[in-house]
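S.K.: Protein chains in written order, with my numbering: chain A, 5 to 296; chain B, 5 to 296.
For every residue, glycine included, the Cβ atom is placed at its ideal position computed from N, Cα and C.
2 protein chains.
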Amino acid sequence: MADWLEKWAGYTRMTEDALKAYLLDDDAIPVKLRETMAYSLFAGGKRLRPALVLASCELCGGEAKTALPFACGIEMIHTYSLIHDDLPAMDNDDFRRGKPTLHKQFGEDQAILTGDALLHGAFEIMLDGCHDFTGVNAVRRIAHASGMRGMSAGQWVDVTLTGTGFDEATMRYIHLHKTADLIRGAIGAGADVAGASKEMLARLDTYGQEIGYTFQIVDDVLDVEGDSAELGKRVGSDEGNHKTTFVTLFGPDGAKEQARLHTARALEMLEPFAEKGNFLRELALFLRDRKH
Amino acid sequence: MADWLEKWAGYTRMTEDALKAYLLDDDAIPVKLRETMAYSLFAGGKRLRPALVLASCELCGGEAKTALPFACGIEMIHTYSLIHDDLPAMDNDDFRRGKPTLHKQFGEDQAILTGDALLHGAFEIMLDGCHDFTGVNAVRRIAHASGMRGMSAGQWVDVTLTGTGFDEATMRYIHLHKTADLIRGAIGAGADVAGASKEMLARLDTYGQEIGYTFQIVDDVLDVEGDSAELGKRVGSDEGNHKTTFVTLFGPDGAKEQARLHTARALEMLEPFAEKGNFLRELALFLRDRKH
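Here you go:
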């Protein structure tokens, strides 16, 4: 395994161990709630956002373990957003990561409440991890990145506009907030914990925004390529969904070119970090070139 | 109007002005999301929890305005919990405070997302209000009071056990967490902001727990008395709901006696505060004797 992938695997292990210790071994949390939270939290996610928190903290001279509560918190926020997104009143998805969605498995009421509990729990674990104001800055950044002007705003506009075509500005608004903001929040929070300089923070914030766009563009491309490959045998929730994406606006090749441009800008931001930026460099290329 | 009621009205005005300024005038929040948040937030609630935050801060020697972000945050958490509680997959209520519930008015997807946004927003407003560690203590307390071991746990057990009878210990667990914890969190957070002593905090925490129980017991009594008064003409969500309550366990008179005992204990906690405790004293009696 390449060095940087081993590093990612290490970040994933740290995050999963911390999540298990915080959530699953605590008798003060109802036992069945722990089961449903575990069902969604340990469903084989890539742990991209926690890796960004921990890597960014190390890049800025901090110790990864001091950033762990924020890595866990942001993964819990990401997971809750997927659970609520899958609900019948929203995307109405029956499967996620190859197994039934939480509401298919345990019912809608439990899916709503499990999502709520994960969002509450994210702030609990992050606030318990605040020992000084570097931590407070990190949790405040994550609150805003995921909040009413960030991810939650992007979700809102995406859901309330579904089914209609819209212009490039609106599409960029949705992608920026629904997807990129939490990725930016992750990388910024790690830097906050390490007490990074304003200049470092600004560079990493732009890096986060650019890989966030790339992540979403590649998702859109893969969705279309997956749809063509499986044409005729697929009955999915995307059926009849004619949302505006980078692909509908620029075509598949144009969208891939956009992903290359956003990635190039992300890599540019890492230049002053020289070799220490290698993990984030490899990660940006991986997100651009991934096939699933 | 009695002095203490005027004081309550003043706390309500302060809270509502701050909520409006933070939520409604900010163009960075999608305009339609602001509308749905306002629909639920300004539906004529009693503002009990904000009043507790502000009164407790003053009682412990602080200025009410320093506790305002926490008063607003806790009201937003309370409001989100009602919106999600009303959803078809949960209590399936069509009306709240005399008007259609949010999902009846705007659809289930918007109700789910508005609840989520309010929970996000609560942490945003509280974290923006943290200028030192007294604020951090307050937001941490509210996070735990409302979280996976608090209100969210109580909701979970209440919803997943609905329809079955259960014992007194389980019923007390639900009431303590679903209702009393947020009330305790409110009064504790105000004291945190004022930098109250451990002894003061312990007394106010017990006061909060006791008025929390009283609040729920009186709700149960009024539910039954309302049901008898309107027998035959009411088709509500409580139909066929045979939950265990203080009334089913102790009868209406037994439940009222329990409310008196809990209130007496709450008043006992206020003794060292002498006259300065008058607002909280009147409030405890009001919650015990209210008729709706």
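Around the Cβ of D185 of chain B, are there at least 16 other Cβ atoms within 10 angstroms (buried) or fewer (exposed)?
M.R.: buried
S.K.: Against chain A, does G125 of chain B count as a neighbour if the rule is that its beta carbon must be under 8 angstroms from one of theirs?
M.R.: yes
S.K.: Sort out for me which residues DSSP pairs P73 of chain B with in a bridge.
M.R.: In the DSSP output, where bridge partners are listed per residue, P73 of chain B has none listed.
S.K.: Nearest to K24 of chain A by alpha carbon, out of A:P92, A:M41, A:I191 and A:L9?
M.R.: That would be A:M41, whose Cα lies nearest to the Cα of K24 of chain A.
S.K.: Tell me, please, whether the CB atom of D257 of chain A is closer than 8 angstroms to any CB atom in chain B?
M.R.: no
S.K.: Whose C-beta lies closer than 6 angstroms to the C-beta of I221 of chain B among residues of the same chain, with five residues either side of it excluded?
M.R.: F250, A259, Q262 and A263
S.K.: Could you tell me whether the Cβ atoms of G192 of chain B and L208 of chain B are closer together than 8 angstroms?
M.R.: yes
S.K.: Could you give the C-beta distance for L106 of chain B and I87 of chain B, rounded to a whole number, given that I count them as a contact under 8 angstroms?
M.R.: The pair is a contact, with the Cβ atoms about 5 angstroms apart (cut-off 8 angstroms).
S.K.: Let me know the alpha helix (DSSP H) ranges lying completely inside the segment 156-230 of chain B, each 4 residues or longer, listed in chain order.
M.R.: 172-178 and 185-197
S.K.: Out of A:A268, A:L274, A:G139 and A:T138, which one is the CA nearest neighbour of M204 of chain A?
M.R.: A:L274
S.K.: Using the C-alpha atoms, what's the distance from M80 of chain B back to L91 of chain B?
M.R.: 17 angstroms
S.K.: Which whole-angstrom value is the C-beta distance of V161 of chain B and C61 of chain B, which I expect to be below 8 angstroms?
M.R.: Not a contact, Cβ separation roughly 31 angstroms.
S.K.: Taking 8 angstroms as the CB-CB limit, is I87 of chain B close to chain A?
M.R.: Proximity of I87 of chain B to chain A, defined by a Cβ-Cβ separation below 8 angstroms, is not satisfied.
S.K.: Taking C-beta pairs closer than 8 angstroms, name the residues in chain A that C134 of chain B reaches, listed in chain order.
M.R.: Proximity of chain A to C134 of chain B at the Cβ level (cut-off 8 angstroms) is accounted for by V140 and R144, in chain order.
S.K.: Give me the chain A residues within the contact set of I178 of chain B, using Cβ-Cβ distance strictly less than 7 angstroms, ordered along the chain.
M.R.: Going along chain A, no residue has its Cβ under 7 angstroms from I178 of chain B, so there is no contact; the nearest lies around 11 angstroms.
S.K.: For R100 of chain B, does the three-state DSSP call read helix, strand or coil?
M.R.: DSSP places R100 of chain B in the strand class (E or B) of the three-state scheme.
S.K.: What's the gap between the Cα of R176 of chain B and the Cα of K182 of chain A?
M.R.: 40 angstroms
S.K.: At a CB-CB cut-off below 7 angstroms, which residues of chain A make contact with E128 of chain B?
M.R.: A147, H148, G151 and M152
S.K.: Determine which residues of the segment 108-125 of chain A have a Cβ less than 9 angstroms from any Cβ of chain B, and write them out in chain order.
M.R.: G111, E112, D113, Q114, A115, I116, L117, T118, G119, D120, A121, L122, L123, H124 and G125
S.K.: Given this structure, state the Cα-to-Cα distance separating L45 of chain B from G102 of chain B, to the nearest angstrom.
M.R.: 14 angstroms
S.K.: Is I187 of chain A near R285 of chain A, with beta carbons less than 8 angstroms apart?
M.R.: Going by C-beta atoms, I187 of chain A is not nearer than 8 angstroms to R285 of chain A.
S.K.: Locate the alpha helix (DSSP H) running through L9 of chain A, then write down its first and last residues.
M.R.: D7 to L23
S.K.: Need the endpoints of the alpha helix (DSSP H) that P256 of chain B sits in, please.
M.R.: F250 to M273
S.K.: Got a sec: is the Cβ-Cβ distance from G236 of chain A to anything in chain B below 8 angstroms?
M.R.: Below a pLDDT of 50, predicted positions are generally treated as unreliable, and G236 of chain A, at 43, falls in that range; the measurement from the model is reported next regardless. It does not: the Cβ of G236 of chain A has no partner Cβ on chain B nearer than 8 angstroms.
S.K.: Using a 10 Å radius around the Cβ and a threshold of 16 neighbouring Cβ atoms, would you call M5 of chain A buried or exposed?
M.R.: exposed
S.K.: How many Å lie between T174 of chain B and G255 of chain B at the Cα?
M.R.: 18 angstroms
S.K.: What in chain B is Cβ-close to I33 of chain A, meaning under 7 angstroms?
M.R.: Result: M152, R153 and A157.
S.K.: For M175 of chain B, return the contacting residues in chain A, with the cut-off set at a CB-CB distance below 9 angstroms.
M.R.: The premise fails here: M175 of chain B is roughly 15 angstroms from chain A at the closest Cβ pair, so nothing lies under 9 angstroms.
S.K.: Can you tell me whether DSSP reads C61 of chain B as helix, strand or coil?
M.R.: Under the three-state reduction of DSSP, C61 of chain B is assigned to helix.
S.K.: Going straight from the alpha carbon of A22 of chain A to that of M155 of chain A, what length do you get?
M.R.: 24 angstroms
S.K.: Check the Cβ of V161 of chain B against every Cβ in chain A and list those closer than 7 angstroms, keeping chain order.
M.R.: P34
S.K.: Using 8 angstroms for Cβ pairs, my map puts L271 of chain A next to A288 of chain A. What's the rounded Cβ distance?
M.R.: 6 angstroms
S.K.: Kindly indicate which three-state DSSP category L287 of chain A falls into: helix, strand or coil?
M.R.: In this structure, L287 of chain A counts as helix in the three-state DSSP scheme.
S.K.: Which one of B:A268, B:L27 and B:T70 has the shortest CA to CA distance from H124 of chain B?
M.R.: B:L27
S.K.: Which of the three DSSP states, helix, strand or coil, is assigned to L91 of chain A?
M.R.: coil
S.K.: Could you have a look at K36 of chain B and say whether DSSP puts it in helix, strand or coil?
M.R.: helix
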